[in-house]
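Worksheet: one structure, shown below.
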Amino acid sequence: MTNKRIVLASGNQGKLREFSQLFSQWSVDVVSQSQLNIDSVPETGTTFVENAIIKARHAAAESGLPALSDDSGLVVNALSGAPGIYSSRYAGENASDADNITKLLQVLEGNEQRAAHFQCVLVYMRSADDPVPLIAQGQWHGHIATCQSGSDGFGYDPVFICPEYHCSAAELTKDVKNTLSHRAKALELLTQQMANLFD
Numbered sequence: 001m002t003n004k005r006i007v008l009a010s011g012n013q014g015k016l017r018e019f020s021q022l023f024s025q026w027s028v029d030v031v032s033q034s035q036l037n038i039d040s041v042p043e044t045g046t047t048f049v050e051n052a053i054i055k056a057r058h059a060a061a062e063s064g065l066p067a068l069s070d071d072s073g074l075v076v077n078a079l080s081g082a083p084g085i086y087s088s089r090y091a092g093e094n095a096s097d098a099d100n101i102t103k104l105l106q107v108l109e110g111n112e113q114r115a116a117h118f119q120c121v122l123v124y125m126r127s128a129d130d131p132v133p134l135i136a137q138g139q140w141h142g143h144i145a146t147c148q149s150g151s152d153g154f155g156y157d158p159v160f161i162c163p164e165y166h167c168s169a170a171e172l173t174k175d176v177k178n179t180l181s182h183r184a185k186a187l188e189l190l191t192q193q194m195a196n197l198f199d
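Here the sequence shown is numbered in this note's numbering, starting from 1 and rising by one per residue.
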């Protein structure tokens with residue numbers, strides 16, 4: 001591969017740092033779409049995979065660079081998969097993490113069926129018309145607590161109980177979380193696929 005620069009279909013600085021570290025092993029620079037003045041695209045897909053492809057294709061088309069995207073969310077079995085692709089806006093279009101958690105706990109109140117998992121889909125597209133994008137998925141299984149605990153993490157971490165450590169994801173250190181999380185698992189799979197592109 002001759003192009004040593006890719007665009008991340010996100011303005012999230014945490015994701016940018018994480019992916020920049022991953023791609024540094026191949027001397028590839030990662031820039032966020034916001035650095036290139038590329039606006040976010042509406043997520044009109046009905047699955048995590050569709051939304052990740054939409055975001056990657058948009059970033060690649062607007063930048064002319066290969067693109068990487070991430071679509072993630074919380075899937076609760078008792079809620080038929082909700083909040084799912086609507087995880088970031090479960091309590092409304094401009095909802096905060098706290099708003100989304102409050103709604104989730106209210107909806108699950110009195111329900112003993114609290115199994116859930118985080119889902120992450122990563123998509124890498126060499127160009128906007130890439131017919132065979134690289135797709136990697138990861139899951140992190142656990143259950144939803146009845147109240148919040150922990151101050152680290154973001155999103156639903158304070159109510160997602162990690163069975164490996166019997167605590168919330170927000171109580172884990174970053175190093176531990178990065179070995180267990182859905183994103184870490186998807187990244188590991190994507191790294192295996194990408195090694196063939198850059199080596």
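No residue lacks a Cβ here, since even glycine has one placed at the ideal position from N, Cα and C.
Measure how close the beta-carbons of residue i and residue j come, nearest whole angstrom, since I'm counting them as under 8 angstroms.
i	j	result
Ile-6	Val-28	6 angstroms
Gly-153	Ala-170	4 angstroms
Ile-54	Gly-45	6 angstroms
Ala-67	Ala-59	4 angstroms
Ile-144	Ala-98	Between Ala-98 and Ile-144 the Cβ distance is about 15 angstroms, and since that is not below 8 angstroms, they are no contact.
Gln-200	Ala-82	Residue 200 lies beyond the stretch modelled for the chain, which goes from 1 to 199, so this question has no answer here.
Pro-158	Ser-149	6 angstroms
Tell me the residue span of the alpha helix (DSSP H) that contains residue i.
i	result
Ala-128	Where Ala-128 is concerned, there is no enclosing alpha helix (DSSP H), given that its DSSP letter is neither H nor E.
Ile-54	48-63
Ile-85	Note, Ile-85: premise wrong, no alpha helix (DSSP H); not H, not E.
Asn-100	97-108
Taking only three categories from DSSP, how would you classify residue i?
i	result
Asp-175	helix
Val-31	strand
Gln-148	coil
His-182	helix
Phe-192	For clarity, residue 192 is Gln in the given sequence; the question names Phe instead. Helix, per DSSP.
Ile-71	Looking at the sequence shown, residue 71 is not Ile but Asp. Residue state, collapsed to three classes: strand.
Leu-41	In the sequence as displayed, the identity of residue 41 is Val instead of Leu. It is coil, neither helix nor strand.
Gly-14	helix
Gln-21	helix
Gln-119	strand
Ala-136	strand
Gly-142	strand
Met-1	Here the model assigns Met-1 a pLDDT of 44, short of 50, so the residue's position is not dependable, and the following value carries that caveat. Coil at Met-1, not helix or strand.
Keeping to the same chain, check which residues put their C-beta closer than 6 angstroms to that of residue i; ignore five residues upstream and five downstream.
i	result
Asn-100	Tyr-90 and Ala-91
Ala-186	Cys-120, Leu-122, Ala-136, Gln-137 and Gly-138
Glu-18	none
Glu-31	Correcting the residue identity first, residue 31 is Val in this sequence and not Glu. Answer for Val-31: Val-7, listed in chain order.
Can you find the residues in the same chain that come closer than 7 angstroms, C-beta to C-beta, to residue i, ignoring five residues on each side of it along the sequence?
i	result
Lys-103	Tyr-90 and Ala-91
Lys-15	Leu-8 and Asp-70
Ser-34	Gly-11
Thr-191	Leu-22
Assuming residue i is part of the beta strand (DSSP E), what are its boundary residues?
i	result
Val-159	Looking at the DSSP string, Val-159 is not in any beta strand (DSSP E), and its letter there is neither H nor E.
If you drop the 5 nearest sequence neighbours on each side, which residues of the same chain put their C-beta closer than 8 angstroms to that of residue i?
i	result
Ile-85	Glu-43, Gly-45, Thr-46, Thr-47, Phe-48, Asn-51, Asp-71 and Gly-73
Ser-88	Gly-73, Ala-95, Asn-100 and Gly-155
Val-76	Ala-82, Pro-83, Leu-104, Leu-108, Arg-114, Ala-115, Ala-116 and Ile-144
Is the closest heavy atom of the ligand NAD to the C-beta of residue i under 8 angstroms?
i	result
Ser-27	Ligands displayed in this structure: none; no statement on the ligand NAD is therefore possible.
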